[in-house]
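Chains as they are written, first to last, in the numbering used here: chain P, 1 to 317; chain Z, 318 to 562; chain R, 563 to 944.
Glycine included, every Cβ here is placed at the ideal spot set by N, Cα and C.
No experiment lies behind these values; they were computed from the predicted model shown.
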Amino acid sequence: MTVTVKNLTKNYGEIKALKGVSFDVASGELFGLIGPDGAGKTTLFRILTSLLLQDDGEAKVHGFDVVADYREIRKIIGYMPGRFSLYQDLTVEENLNFFATIFNTTVEENYQLIRDIYHQIAPFKTRRAGDLSGGMKQKLALSCALIHKPEILILDEPTTGVDAVSRREFWDMLARLRASGLTILVSTPYMDEASRCDRVALMDRGKILSINTPAGISDEFSRPLYAVKADRRYQLLKTLRSYPYTRSVFTFGELAHYTDSRDDFDPEMLRSHLEQEGLRDVRVELINPGVEDTLISLMTTESESIVDGNKFGKSGE
Amino acid sequence: MHNDNIIEVSGLTRKFGNFTAVDHITFEVKRGEIFGFLGANGAGKTTAIRMLTGLLIPSTGQATVAGFDVFTQTESIKKNIGYMSQKFSLYSDLTVVENIRFYGGIYGLRSRDIRRKTDELLERLGLADVRNRLIDDLPLGWKQKLAFSTAVIHEPAIVFMDEPTGGVDPITRRQFWDLIYEASDRGTTIFVTTHYMDEAEYCDRVTIMVDGRIDALDTPGGLKKKYGAEDIDEVFVKLARGGVA
Amino acid sequence: MKAFLGFIKKEFLHIFRDRRTLLILFGMPLVQLLLFGYAVRNELNKADIAILDHSRDEITREITDKLLSSGYFQLTAWLKSESEIEVVFQRGIARNVIVFESEFGRKLIRDGSANINIVTDASDPNMAQMLEGYTVNIIRDYQQEWQERNRQVQQSAGGSAGGGASISGIVPEVRMLFNPELRSANLFVPGLIAFILMLVSAFLTSITIAREKEQGTMEVLLASPLNPIQIIIGKVLPYLALSVINVFTILIVALVVFDVPFRGSVLLFSMLSLLFIMAALALGLRISSVVKDQQTAMMISLAGLLLPTILLSGFIFPISNMPAVLQYISHIVPAKWFLIIIRGIMLKGVGLEFLWQETLILFGMVVILMATSIKSFKIRLE
């Protein structure tokens, strides 16, 4: 195991950022931490990079303890913080050279590691980093995090705020790095990026709700899930929420994802109920749950207080 | 107010020096609809929104918002729209009630109306018990609800929202969209700008802006069908790649 | 070592890319110097005075001539009675009225004393004090000349001023000993050197570190093998170099443009300036270790460092005139000790034998500040 995390706890005053987090990452794995803002992803990464001290629990990276051996840790990790953390007033080239020298290496020495990524921004190498587009900034930041040939790459929300094209390119780059044997820990708020990881940990409010392969995550969704569609979306939601057999209903774009509380549920019954209520073009289809469905279901199981009782999401349980 | 379109934009263009930030965009937004205005950072979304909200005078073209001209009637536009930014424009060191009063005040509501509205809002949002708590101490979901409600406190015909749910958890996000649906059901037009493509799926119709131009305008379903895509993300990728070629 | 040099190179790139920093570094010292040198001078230049002469004899005329020919005053009114004094002040015709009592000359010769009243418009207290000082000094000068002329007769002239000044007997002119022409340049240049060193070393250092925190780059630096000591020294060294350049620029301009004397040892001056720079850098580091953004760094260094350097160091206001509390507080202002040192070196030409106490105090401050600021530099995020 390249990364072992045991029962990590971290509080900021009253706020419990991490409530006992444990997981392992195997060498060469591309491991994703998926969860919304406030899940504790950044705190976890800062502890792993030796930038924060945990309150309790322990973590090892490549055999080094994050507290006692912080100097060693800092030599072997490549870290990309959540915010764009390069010098905006320095050029692309100057940034890269700087990060090479503070790790006591040179760009030339490890150029083969970043060639694929860097050649895309090389035409702009005399441009100041602050003037790059979002996608190019991410590429530069990744190049800077890789230039000292780290054993493990830790990327905190690298694709947040980046357009869809750049996001895809970024994940393609990560896939190539993974193929070259690098261990990668990456966090993201985008559920759809889970499928690009070997394994993912779903996080919410300081806890890991589940660790699994992307396919395995969907299997954790225990009940049949239906996508319901009708002509008027808001009316559909209201009708579904007042339906006595509804176990959970959440909007997914134009659709409502629905689970029923009965074991002998027949979609046809629901369809006719909705039509009786005046909705048109009703369709009810059995679908495969996605990562987001699982996360929502785990979040509601985890604590009922999350849905604050009133007219929002009737969440069952 | 006789027509069904609350926003009408035709050939709207804005240049900054040699750079054309918004390049002849044309579209309409129907009264009561949830309209998604999508695009990557730097595609020209912000410039377009600033023109529609009366903060920036266009270079050429025509546009009306709620019946007012964006060249000559910007003050009337500002009075008749609501605006909610990404950062939930609430003062975190003021209480719930103080925030509501503040926004009621800047939109020129009379103090009697503000008092009535405040009670009404607190009741409807279930925030009566926390009326004197600081915004800082509220959970994210409550802040969002309150931010949206203050943005529409003066009952504008249209409300502009800038990336309203970026980074929030999937349940909070859905609660928020519930509020939007409810407002839309009451007849308020919602104009959402975002670079989170999955947010688009919640809109009635979406446009995708690439390099200052609008390349696609349809329902999310229609766009996916047209581009043979699984989701709006993929539509965007196809559009953006096409734009480069 | 290579990593360290790379770091320093990066710092210089930041400095030379940022117009604001460059302006503070090089523009500000020069502007300050010229401002103090020309605009904010503490010297009188043709101040308006009025004279009420009840005596109108040879001596009062001689004194009047001496006052007016000094170049510091110009006569705007001859008054006839005491009642006009207030009117003159109210209308702004004069700021200073000199009243000779009747039979002034006769009394002086006969009794050895005669009264001059110096009435000043104290609505601008600094100005009033200055007017009074200049007037008294000129009258004393006259008195000395007059006594020499009348050596055989033992006489002295005296006056008691409305502002409280009095002339009696032969008073040694202590105030004017090291600044005989009352030149303000001699006083403000040392103060300005202290201020600018504080500005460049403490202010800019605290801001540059706060900027790394604010922009998130400190996170990357801390997650790298760079040693905290390397980060600190890499941050302060460029500013130290620039501070040294600044000191000599100011000094040269002061010597050439304002004719400020430099009587002591340049080597000693340089060594002790370096000591003060280290104190300032340590203060800057200490500030940066408690703040998270540039704005707070700026505010703390402005209120906590720059203002005391200006107000409590003796730069502008003499410490001996302050209330006891402020006098005690001034002891912890490094600039106070540095000012005593460089005034001593520049104006009096004295060496370490007279300045060792102040030097020792400054040295102690540097040791304590450096130790605490290096200790307070965090190797992790908060």
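Whether residue i touches residue j by CB criterion (8 Å)
i                 : j                 : result
Ala129 of chain P : Leu140 of chain P : yes
Ala227 of chain P : His273 of chain P : no
Thr183 of chain P : Gly28 of chain P  : yes
Pro158 of chain P : Asp37 of chain P  : no
Ala772 of chain R : Ala859 of chain R : yes
Pro800 of chain R : Ile936 of chain R : no
Ala676 of chain R : Glu663 of chain R : yes
Ile758 of chain R : Ile812 of chain R : yes
Phe635 of chain R : Leu641 of chain R : no
Phe45 of chain P  : Ile154 of chain P : yes
Ile394 of chain Z : Phe385 of chain Z : yes
Gly57 of chain P  : Thr9 of chain P   : yes
Leu90 of chain P  : Leu783 of chain R : no
Arg530 of chain Z : Ile342 of chain Z : yes
DSSP-derived helix/strand/coil call for residue i
i                 : result
Ile374 of chain Z : coil
Gly633 of chain R : coil
Phe554 of chain R : Given a span of 563 to 944 for chain R in the structure shown, any question on residue 554 of chain R remains unanswerable.
Ile894 of chain R : coil
Ser22 of chain P  : strand
His341 of chain Z : strand
Thr2 of chain P   : coil
Lys642 of chain R : coil
Ala764 of chain R : helix
Arg433 of chain Z : helix
Val282 of chain P : coil
Tyr245 of chain P : coil
Thr251 of chain P : strand
Gly545 of chain Z : coil
Asn358 of chain Z : coil
Gln652 of chain R : helix
Val681 of chain R : strand
Which listed residue (the options) has its alpha carbon closest to that of residue i
i                 : options                                   : result
Phe344 of chain Z : Z:Gly353, Z:Phe336, Z:Glu472 and Z:Arg441 : Z:Gly353
Lys207 of chain P : P:Val25, P:Thr43 and P:Val3               : P:Thr43
Ala26 of chain P  : P:Arg232, P:Gly181, P:Thr2 and P:Ile76    : P:Thr2
Phe831 of chain R : R:Ser938, R:Ile755, R:Asn789 and R:Ser631 : R:Ile755
Phe465 of chain Z : Z:Arg432, Z:Arg433 and Z:Ser501           : Z:Ser501
Ile470 of chain Z : Z:Asn397, Z:Met514 and Z:Pro537           : Z:Asn397
Ala230 of chain P : P:Leu202, P:Gly278, P:Asp192 and P:Ser195 : P:Gly278
Met514 of chain Z : Z:Ile366, Z:Arg522, Z:Gly356 and Z:Gly378 : Z:Gly356
Gly539 of chain Z : Z:Arg522, Z:Ile531 and Z:Lys555           : Z:Arg522
Arg418 of chain Z : Z:Arg432, Z:Asp410 and Z:Ser409           : Z:Arg432
Asp116 of chain P : P:Ser242, P:Phe252 and P:Leu177           : P:Leu177
Ala844 of chain R : R:Met927, R:Ile878, R:Arg672 and R:Arg825 : R:Met927
Glu944 of chain R : P:Asp198, P:Asn11 and P:Lys149            : P:Asn11
Ser248 of chain P : P:Asp192, P:Leu298 and P:Asn110           : P:Leu298
Gly846 of chain R : R:Ser617, R:Ile625 and R:Ser763           : R:Ser763
Ala100 of chain P : P:Cys144, P:Gln120 and P:Lys137           : P:Cys144
Buried versus exposed call for residue i [16 or more other C-beta atoms within 10 Å across all chains shown]
i                 : result
Met478 of chain Z : buried
Ile475 of chain Z : buried
Tyr420 of chain Z : buried
Gly545 of chain Z : exposed
Pro591 of chain R : buried
Ala865 of chain R : exposed
Ala68 of chain P  : exposed
Lys60 of chain P  : buried
Arg653 of chain R : exposed
Asn95 of chain P  : buried
His148 of chain P : buried
Arg233 of chain P : buried
Arg543 of chain Z : It is Lys, not Arg, that sits at residue 543 of chain Z in the sequence shown. Lys543 of chain Z is exposed by the Cβ-count criterion.
Gly568 of chain R : buried
If we require 4 or more residues per run, which alpha helix (DSSP H) segments fall completely within the segment 794 to 881 of chain R?
Inside the segment 794 to 881 of chain R, DSSP marks whole alpha helix (DSSP H) runs of 4 or more residues at positions 828 to 852, 856 to 863 and 869 to 873, from first to last along the chain.
Could you give the uninterrupted runs of the beta strand (DSSP E) lying entirely in the segment 95 to 173 of chain P, keeping only those of 3 residues or more?
Restricting attention to beta strand (DSSP E) runs no shorter than 3 residues, the segment 95 to 173 of chain P encloses them at 152 to 155, ordered along the chain.
Please go through the segment 478 to 521 of chain Z and give each complete beta strand (DSSP E) segment of 3 or more residues, from N-terminal end onward.
Secondary structure remark: continuous beta strand (DSSP E) runs of at least 3 residues inside the segment 478 to 521 of chain Z, in chain order: 506 to 511.
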